[in-house]
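Asker: Below you'll find the structure I mean.
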Amino acid sequence: DILGQAQTGTGKTGAFALPILQRLRPGKGVRCLILAPTRELAAQVTAEIRMLGRFTKHQTLVVYGGTPVRPQLERVKRGPAIVIGTPGRVMDLMQRRALKLDDLKFAVLDEVDRMLDIGFRQDIRKILGRVNTKHQTLFVSATIGVEISRLARQYMDNPEEIFCAPDKLTVDEVDQCYITVSQPDKGRMLVRLVRADKPDRALVFTRTRRTTTRVAKNLKAAGINAREIHGDLFQRKRERIMKSFRQGELHVLVATDLASRGLDIDDISHVINYDIPEDPEVYVHRIGRTARMGQAGKAITFVTLEQGDELTRIEMLINLEIPVRRIKGYTPSPPR
């Protein structure tokens, strides 16, 4: 069993997919199950595995909610070698006795820190609890803290730990800074920032779905080509928005952290933390969306006067002092 950590954008999917594809033998039934926290990430992992395994005969199937279950039921009964899916839909198919794990050889949890969040923990226990065969378990993520390691060991047998993490958790190519801004001024500051920097592709992070919608609406009202993405959108609409963003037709995408887990776009020029994350490790995930594969990128964080401690916690985690970016003519109002 393996507990593996490496930075976002370094090829973790290939690292676990290539050995699995090579070691899979012809046979019947599902032999590899890969769990992912979001639909987008499940789809992205599937696309990469299909690309890597295009000269093999291994059939792959992706399953997730937000789409009709019947076509997935029919396909899973044909016994694909590899199933990639979100925990909810995997549990649904197992409860319908369509997805059986009697022949499983590999169980992979991608983005394990999110997978073991409160919302997924029960599903993971139930899914892995039904695996009776001798199999290999792999947990991979960009960040793995002490508690995550402890939780992971509940599902693993004396795992090998592979941590490909540098002393600084963020890559050197990311130009990081923060802007001190009053909470009521965030919307106007974001418009000003986008107009000044003219990003090719900017990913804006908020904490809540409601804020995501409000921020995107504010940007559009200012004449900026922006859309929001979150868990409440229908899958087809999410895919249209993502296609537009990948093709460069859409310049600003506003997202929640959970929705962002499936984004695998190499040329995001700016990551803007509209809301500073409560968990410092989430900051690492966020800014890992830019400066991928050696490219340059910017990470800009809005910090209110009350959020100095949160900024300090991030700096302590990444072992780096983030410089301030001063906006000419702007002074944040003191908190009331």
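Take 1 as the starting number for the sequence shown in the UniProt record's numbering and just add one per residue. All C-beta atoms in this analysis are idealised placements derived from N, C-alpha and C, irrespective of residue type, glycine included.
Does the region 224-239 come close enough to the region 170-187 to have 3 or more Cβ pairs within less than 8 Å?
Answerer: The region 224-239 is not in contact with the region 170-187.
Asker: Consult DSSP for ILE2 and reduce its assignment to one of helix, strand or coil.
Answerer: Along the sequence shown, read from residue 1 onward, the residue named residue 2 stands at position 2. Reduced to three states, the DSSP call for ILE2 is strand.
Asker: Using CA atoms only, rank isn't needed, just tell me which of GLN59, LEU73, LEU21 is closest to GLY65.
Answerer: Looking up residue 65 in the sequence shown gives position 65. Nearest option by C-alpha distance: LEU73.
Asker: Classify ASN273 as buried or exposed, calling it buried when 16 or more other Cβ atoms lie within 10 Å of its own Cβ.
Answerer: Locating residue 273 in the sequence shown gives position 273, where the first residue counts as 1. Burial call: buried.
Asker: Only counting the same chain, and skipping five residues up and downstream in sequence, which positions put a Cβ closer than 8 Å to that of THR86?
Answerer: Counting from one through the sequence shown, the residue named residue 86 turns up at place 86. Annotation for THR86: LEU35, ALA36, PRO37, THR38, ARG39, ALA42, VAL63, TYR64, GLY65 place their beta carbon closer than 8 Å to its own, counting only its chain and skipping 5 residues before and after.
Asker: Ignoring anything shorter than 3 residues or poking outside the region 6-73, list the beta strand (DSSP E) runs there in chain order.
Answerer: Entirely contained in the region 6-73, the beta strand (DSSP E) runs reaching 3 residues are, in chain order, 32-35, 60-63.
Asker: Is LEU138 helix, strand or coil when you go by DSSP?
Answerer: For this step, residue 138 is matched to residue 138 along the sequence shown. LEU138: strand per DSSP, three-state reduction.
Asker: Taking the alpha helix (DSSP H) that GLN235 belongs to, which residues open and close that run?
Answerer: Taking the sequence shown and counting its residues from 1, one reaches residue 235 at position 235. Residues 235-246.
Asker: Report yes if the CB atom of TYR178 is closer than 7 Å to the CB atom of VAL324, and no otherwise.
Answerer: Counted from its first residue, the sequence shown places residue 178 at position 178. Counted from its first residue, the sequence shown places residue 324 at position 324. In this structure, VAL324 lies closer than 7 Å to TYR178 by Cβ.
Asker: Nearest CA to the CA of ALA98: which residue from ARG210, LYS126, ARG326, VAL76?
Answerer: Looking up residue 98 in the sequence shown gives position 98. The shortest Cα separation from ALA98 among ARG210, LYS126, ARG326, VAL76 belongs to VAL76.
Asker: Looking only at C-alpha atoms, which of LEU138, LYS126, LEU311 sits nearest to CYS158?
Answerer: Taking the first residue of the sequence shown as 1, we reach residue 158 at position 158. At residue 158 the sequence reads Asn, which differs from the Cys that was named. For ASN158, the nearest C-alpha among the options comes from LEU138.
Asker: For ARG214 and ARG25, I'd like the C-alpha separation in whole angstroms.
Answerer: Within the sequence shown, the letter at position 214 stands for residue 214. Within the sequence shown, the letter at position 25 stands for residue 25. Roughly 50 Å between the two C-alpha positions.
Asker: For ILE300 and THR143, I'd like the C-alpha separation in whole angstroms.
Answerer: Residue mapping note: residue 300 aligns to position 300 of the sequence shown, counting from 1. Residue mapping note: residue 143 aligns to position 143 of the sequence shown, counting from 1. Cα-Cα distance, rounded: 20 Å.
Asker: Report the partner residues of GLU228 according to the DSSP bridge assignment.
Answerer: Position 228 of the sequence shown holds residue 228. The partner list for GLU228 (beta bridge, DSSP) reads VAL254.
Asker: What's the gap between the Cα of GLY53 and the Cα of PHE16?
Answerer: One-based indexing of the sequence shown puts residue 53 at position 53. One-based indexing of the sequence shown puts residue 16 at position 16. Taking the straight line joining both Cα atoms gives about 12 Å.
Asker: Just to confirm, are ASP275 and THR206 a CB contact at a threshold of 7 Å?
Answerer: Along the sequence shown, read from residue 1 onward, the residue named residue 275 stands at position 275. Along the sequence shown, read from residue 1 onward, the residue named residue 206 stands at position 206. Contact: yes.
Asker: For LYS105, count neighbouring C-beta atoms within 10 Å of its own C-beta (all shown protein chains included) and say buried if the count is 16 or more, exposed if not.
Answerer: Mapped onto the sequence shown, residue 105 falls at position 105. LYS105 is buried by the Cβ-count criterion.
Asker: For the candidate residues ILE84, ILE265, ARG23, ARG313, whose alpha-carbon lies nearest to that of ARG201?
Answerer: Taking the first residue of the sequence shown as 1, we reach residue 201 at position 201. It is ILE265 whose Cα lies nearest to the Cα of ARG201.
Asker: In the structure shown, what three-state DSSP assignment does LYS220 receive?
Answerer: Mapped onto the sequence shown, residue 220 falls at position 220. DSSP places LYS220 within a helical segment (H, G or I) once states are collapsed to three.
Asker: With 16 other CB atoms within 10 Å as the buried threshold, where does GLY308 fall?
Answerer: As a first step, residue 308 must be located in the sequence shown, where it is residue number 308. Burial call: exposed.
Asker: For PHE205, is the beta carbon positioned less than 6 Å from some heavy atom of the ligand FMN?
Answerer: In the structure on display, the ligand FMN does not appear, and there are no ligands present to speak of.
Asker: Closest by CA to TYR218, which one among THR208, VAL254, ARG240, LEU203?
Answerer: Against the sequence shown, residue 218 aligns to sequence position 218. According to the sequence provided, residue 218 is Asn. The question's Tyr does not apply to it. Closest option to ASN218, Cα to Cα, is VAL254.
Asker: So, under 8 Å CB-CB, THR290 and VAL271 are touching, yes? Tell me the CB distance rounded to an integer number of Å.
Answerer: As a working note, residue 290 is residue 290 in the sequence shown. As a working note, residue 271 is residue 271 in the sequence shown. About 5 Å; that satisfies the 8 Å criterion.
Asker: Rounded to whole angstroms, what's the CA-CA distance from HIS58 to VAL83? Just pull it up for me.
Answerer: Indexing the sequence shown from 1 puts residue 58 at position 58. Indexing the sequence shown from 1 puts residue 83 at position 83. Distance between the alpha carbons of HIS58 and VAL83 is about 11 Å.
Asker: Under 6 Å Cβ to Cβ from GLN176, same chain only, skipping five residues before and after it: list those, please.
Answerer: By 1-based counting over the sequence shown, the position of residue 176 is 176. ALA299, ILE322.
Asker: Opposite GLY85 in the DSSP bridges: which residues?
Answerer: Position 85 of the sequence shown, counted from the start, is the residue given in the question as residue 85. Beta-bridge pairing links GLY85 to LEU35, VAL63.
Asker: Which one of VAL282, LYS328, ARG292 has the shortest CA to CA distance from ARG313?
Answerer: Taking the sequence shown and counting its residues from 1, the one referred to as residue 313 is at position 313. Among VAL282, LYS328, ARG292, the Cα nearest to that of ARG313 is on VAL282.
Asker: Could you check which residue in GLU310, CYS164, GLY27, ASP113 has the C-alpha nearest to that of ASP103?
Answerer: Locating residue 103 in the sequence shown gives position 103, where the first residue counts as 1. When only C-alpha atoms are compared, the closest one is GLY27.
Asker: Specify the secondary structure class of TYR274 as computed by DSSP and reduced to three states.
Answerer: As a position in the sequence shown, residue 274 is number 274, starting the count at 1. Looking at TYR274 - three-state DSSP - the assignment turns out to be coil, as it is neither helix nor strand.
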